[in-house]
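Enquirer: Each residue of the sequence shown is one higher than the one before, counting from 1 in the UniProt record's numbering.
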Amino acid sequence: MKNLVQRYLFRKSSFPRFCSKRSICTLSQKRNLSAYKIYTDGLIHSEFSTELKTTNEVNRLPIFRILDTEGNLLDGHTAPFSDEEIVNLYKQMVEFSIWDEIFYGIQRQGRISFYIVNDGEEGIQFGLGKVLTPEDHLYCQYRETGILLSRGFDYPDIINQLFGNKYDEGKGRQMCICYTSKNLNIHTITTPLASQLSHAAGCGYALKLKNQKAVAATFCGDGSSSEGDFYAALNFAAVRESQTMFICKNNLYAISTSIKDQYRGDGVAPRALALGIESVRVDGNDLFATYLAAKKMREICTEQSKPVFMEFMAYRYGHHSTSDDSTLYRPKEENDAWKKDGVHPISRLFLYLKNKNLYTDEDDKLHRKAVKEKVLKELKKHESIKRYNIVGGLFENVYHEEDWNLKEQRENFEEFFKKHKNCYDTSKFES
Numbered sequence: 001m002k003n004l005v006q007r008y009l010f011r012k013s014s015f016p017r018f019c020s021k022r023s024i025c026t027l028s029q030k031r032n033l034s035a036y037k038i039y040t041d042g043l044i045h046s047e048f049s050t051e052l053k054t055t056n057e058v059n060r061l062p063i064f065r066i067l068d069t070e071g072n073l074l075d076g077h078t079a080p081f082s083d084e085e086i087v088n089l090y091k092q093m094v095e096f097s098i099w100d101e102i103f104y105g106i107q108r109q110g111r112i113s114f115y116i117v118n119d120g121e122e123g124i125q126f127g128l129g130k131v132l133t134p135e136d137h138l139y140c141q142y143r144e145t146g147i148l149l150s151r152g153f154d155y156p157d158i159i160n161q162l163f164g165n166k167y168d169e170g171k172g173r174q175m176c177i178c179y180t181s182k183n184l185n186i187h188t189i190t191t192p193l194a195s196q197l198s199h200a201a202g203c204g205y206a207l208k209l210k211n212q213k214a215v216a217a218t219f220c221g222d223g224s225s226s227e228g229d230f231y232a233a234l235n236f237a238a239v240r241e242s243q244t245m246f247i248c249k250n251n252l253y254a255i256s257t258s259i260k261d262q263y264r265g266d267g268v269a270p271r272a273l274a275l276g277i278e279s280v281r282v283d284g285n286d287l288f289a290t291y292l293a294a295k296k297m298r299e300i301c302t303e304q305s306k307p308v309f310m311e312f313m314a315y316r317y318g319h320h321s322t323s324d325d326s327t328l329y330r331p332k333e334e335n336d337a338w339k340k341d342g343v344h345p346i347s348r349l350f351l352y353l354k355n356k357n358l359y360t361d362e363d364d365k366l367h368r369k370a371v372k373e374k375v376l377k378e379l380k381k382h383e384s385i386k387r388y389n390i391v392g393g394l395f396e397n398v399y400h401e402e403d404w405n406l407k408e409q410r411e412n413f414e415e416f417f418k419k420h421k422n423c424y425d426t427s428k429f430e431s
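(1) Which residue's Cα is closest to the Cα of E278: I177, E95, V268?
(2) Would you list the one or two residues that DSSP bridges to A254?
(3) Around the Cβ of V215, are there at least 16 other Cβ atoms within 10 angstroms (buried) or fewer (exposed)?
(4) Counting along the chain, where does the alpha helix (DSSP H) carrying L275 start and finish?
(5) Pairing CB atoms from the region 374-391 with CB atoms from the region 154-161, are three or more of them under 8 angstroms?
(6) Buried or exposed for G76, please, with buried defined as at least 16 other CB atoms from any protein chain shown within 10 angstroms of its CB.
(7) Using 8 angstroms as the limit for Cβ to Cβ distance, is K249 near chain D?
(8) Report the rounded CA-to-CA distance for L209 versus A237, giving the unit in angstroms.
(9) Short of 7 angstroms in beta carbon distance, which residues of its chain neighbour G202, apart from the five on each side in sequence? Order them along the chain.
(10) Whose CA, out of D286, Y205, E415, E101, lies closest to the CA of L74?
(11) Using DSSP with H/G/I as helix, E/B as strand and the rest coil, what is K372?
(12) How about K130 and H367: are their beta carbons less than 8 angstroms apart?
(13) Tell me, please, which residues DSSP counts as bridged to F246.
(14) Between the C-alpha atoms of N422 and P192, what's the straight-line distance to the nearest angstrom?
(15) Let me know the secondary structure DSSP gives N357 once reduced to three states.
(16) What residue does the alpha helix (DSSP H) around H77 start on, and which one ends it?
(17) Can you name, in chain order, every residue of its own chain whose Cβ lies under 6 angstroms from the Cβ of C140, other than the five neighbours on each side?
(18) Beta carbon of Y359: closer than 7 angstroms to some heavy atom of the ligand GTP?
(19) With a CB to CB cut of under 8 angstroms and the five nearest residues on each side skipped, what residues in its chain are close to D83?
(20) Report buried or exposed for H420, applying the criterion of at least 16 other Cβ atoms within 10 angstroms of its Cβ.
(21) So what does F64 bridge to, in DSSP terms?
(22) Would you list, in sequence order, the uninterrupted alpha helix (DSSP H) runs of no fewer than 4 residues that lie entirely inside the region 89-172?
(23) N412 lies in the alpha helix (DSSP H); which residues open and close that run?
(24) Can the beta-carbon of E57 be found less than 8 angstroms from the beta-carbon of V371?
(25) What residues in its chain sit with their C-beta under 8 angstroms from that of P62, if we drop five residues either side in the sequence?
(26) Would the beta-carbon of T133 fall within 8 angstroms of that of A200?
(27) Per DSSP, L349 forms a beta bridge with which residues?
(28) Do the CB positions of D222 and C248 come within less than 8 angstroms of each other?
(29) Measuring alpha carbon to alpha carbon, tell me which residue in K306, R271, S113, M93 is nearest D364.
(30) Return yes when the Cβ of S150 is within less than 8 angstroms of the Cβ of E122, no when it is not.
(31) In chain order, what residues of the same chain lie with their CB nearer than 7 angstroms to the CB of A272, ignoring the 5 residues before and after it?
(32) What residue does the alpha helix (DSSP H) around K296 start on, and which one ends it?
(33) Select from R60, H400, D361, P307 the residue whose C-alpha is nearest the C-alpha of G276.
(34) For Y291, which of E411, Q125, K213, S195 has the nearest alpha-carbon?
(35) Could you give the distance in angstroms between the alpha-carbon of D261 and the alpha-carbon of H319?
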């Protein structure tokens, strides 16, 4: 048996063959190790040195910005949008911030179970929303609602999901803010952090194999970048050259953990560089810079068919979620410094518009008033809508087609529910 194994390995091996005394091979039949590229295969640079030298230095990434905190364009840059487009984008960002604030408020009133605010990331979201196309697949984390709005996922869709009514595409199965839309290529948000990154890496690889000029755009925060899935997803995408855009919003806090307690390196982007992924760092409070950088990176991703990484520097102005109290771990002075005019993405764009005489304080006041009236009407209209029927809400659309196992579970539940229906309050559900 031993001889049979040795003979099998001898025939199948692609490595240099080492001969025993009984072997029929000769020295001339051995492979020459010098013919192999050793050392260089796993490295881009393979210079040898007799000097022992260690290093902890990496190339510092600058933060790309073209609109300063006074609302002025820098270094001869011009705005990437027309005046009318900029006014409309500003109005959209303001409207979203008002909805955001009211959603937070109704959670505090007990009308919805959970919510995550987006304050401070409006520039990132609406800038990216202008770049990503309907063909692109979105794998969101939870602070990307502005991007969803940009592609047609409207406020009624958000309300339906938050209230879990019968018009929610997820049929009320998911927790609040886990949006989804099959028609809009919005993959269901998953609450375990960073799990969406691996999905997007695989989707980007599929897009590459199909020769499609589209990307899988996925999002994470600085906290998610500490998860193992982050490295696995980026490395897979790098090796397979997936058409995936990795977008990290570094807002300085992973819930209550400051970046000072998360890492010692130069932010998050150098980790992508170390894995061989083209990367950029952008001022997330600058709508114009966000748009230009995202447009460039999407072009690289689709034209060169490879992954890209974007790190947006931002600040999470609000609490992490409705389950958090950030005043317990963040100094008030820090928050106040970030709230100064021109730092926040909305106020910075407003300063630009005022400098150009395109928008006034009175215009802003009237717009905000109209939005608040609209929000209250929409909430009243959708809050009274009943939820999807209980059986259908549990079992429909779990899979594309119901398999035997799910069918058996549904039948068992229907039998149980029929017997004990009177034990449950079903008044909020359709019959």
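Heads up, the beta-carbon is just placed ideally off N, CA and C, and yes, glycines get one too.
Expert: Result, derived from the coordinates:
(1) Mapped onto the sequence shown, residue 278 falls at position 278. Of the listed residues, the one whose Cα sits closest to E278 is V268.
(2) Translated into the one-based positions of the sequence shown, residue 254 becomes position 254. T257, per the DSSP bridge assignment.
(3) For this step, residue 215 is matched to residue 215 along the sequence shown. V215 should be labelled buried.
(4) Here residue 275 is taken as the residue at index 275 of the sequence shown, counted from 1. Unbroken run through L275: none, as it is neither H nor E.
(5) yes
(6) Translated into the one-based positions of the sequence shown, residue 76 becomes position 76. Its Cβ having fewer than 16 others within 10 Å, G76 is exposed.
(7) Looking for chain D here will not work: only one protein chain is present.
(8) Counting from 1 along the sequence shown, the entry for residue 209 is found at position 209. Counting from 1 along the sequence shown, the entry for residue 237 is found at position 237. Their backbone Cα atoms lie some 13 angstroms apart in a straight line.
(9) Taking the first residue of the sequence shown as 1, we reach residue 202 at position 202. Result list for G202: empty, nothing under 7 angstroms.
(10) Locating residue 74 in the sequence shown gives position 74, where the first residue counts as 1. The option with the nearest alpha carbon to L74 is D286.
(11) Taking the first residue of the sequence shown as 1, we reach residue 372 at position 372. K372 falls in the helix class under three-state DSSP.
(12) Position 130 of the sequence shown holds residue 130. Position 367 of the sequence shown holds residue 367. Taking 8 angstroms as the Cβ cut-off, K130 and H367 do not qualify as a contacting pair.
(13) Looking up residue 246 in the sequence shown gives position 246. Per DSSP, T218, F309.
(14) Here the question's residue 422 lines up with position 422 in the sequence shown. Here the question's residue 192 lines up with position 192 in the sequence shown. In a straight line, the C-alpha of N422 is about 35 angstroms away from that of P192.
(15) Counting from 1 along the sequence shown, the entry for residue 357 is found at position 357. Correct three-state label for N357: coil.
(16) Position 77 of the sequence shown, counted from the first residue, corresponds to residue 77. From DSSP, H77 is part of no alpha helix (DSSP H); its letter is neither H nor E.
(17) By 1-based counting over the sequence shown, the position of residue 140 is 140. These residues qualify, in order along the chain: I189, F219.
(18) Of ligands this structure carries none, so the ligand GTP is not represented either.
(19) Counting from 1 along the sequence shown, the entry for residue 83 is found at position 83. Within the same chain, D83 has close Cβ partners K356, L358.
(20) Numbered from its first residue, the sequence shown carries residue 420 at position 420. Per the 10 Å Cβ criterion, exposed.
(21) Taking the sequence shown and counting its residues from 1, one reaches residue 64 at position 64. BP columns for F64 point to V282.
(22) 122-129, 145-150, 155-163
(23) Translated into the one-based positions of the sequence shown, residue 412 becomes position 412. Looking at the DSSP string, the run of the alpha helix (DSSP H) that includes N412 is 404-420.
(24) Working through the sequence shown from its first residue, we reach residue 57 at position 57. Working through the sequence shown from its first residue, we reach residue 371 at position 371. Cβ distance not < 8 angstroms, so E57 and V371 don't count as in contact.
(25) One-based indexing of the sequence shown puts residue 62 at position 62. Cβ within range, chain order: R281.
(26) By 1-based counting over the sequence shown, the position of residue 133 is 133. By 1-based counting over the sequence shown, the position of residue 200 is 200. Result no, Cβ atoms of T133 and A200 do not sit closer than 8 angstroms.
(27) On the sequence shown, position 349 is the one that residue 349 refers to. L349 is not bridged to any residue.
(28) The residue you call residue 222 lines up with position 222 of the sequence shown. The residue you call residue 248 lines up with position 248 of the sequence shown. Yes; because the gap between Cβ atoms is below 8 angstroms, this pair is in contact.
(29) Translated into the one-based positions of the sequence shown, residue 364 becomes position 364. D364 has its Cα closest to that of M93, out of K306, R271, S113, M93.
(30) If you number the sequence shown from 1, residue 122 lands on position 122. If you number the sequence shown from 1, residue 150 lands on position 150. Not in contact: E122 and S150 (Cβ atoms no closer than 8 angstroms).
(31) Looking up residue 272 in the sequence shown gives position 272. Only L234, F246, S279, F309 meet the Cβ criterion.
(32) One-based indexing of the sequence shown puts residue 296 at position 296. That run of the alpha helix (DSSP H) goes 287-303.
(33) As a position in the sequence shown, residue 276 is number 276, starting the count at 1. Ranking R60, H400, D361, P307 by Cα distance to G276 puts P307 first.
(34) Here the question's residue 291 lines up with position 291 in the sequence shown. Nearest option by C-alpha distance: Q125.
(35) In the sequence shown, residue 261 corresponds to position 261, counting from 1. In the sequence shown, residue 319 corresponds to position 319, counting from 1. For D261 and H319, the distance between alpha carbons rounds to 18 angstroms.
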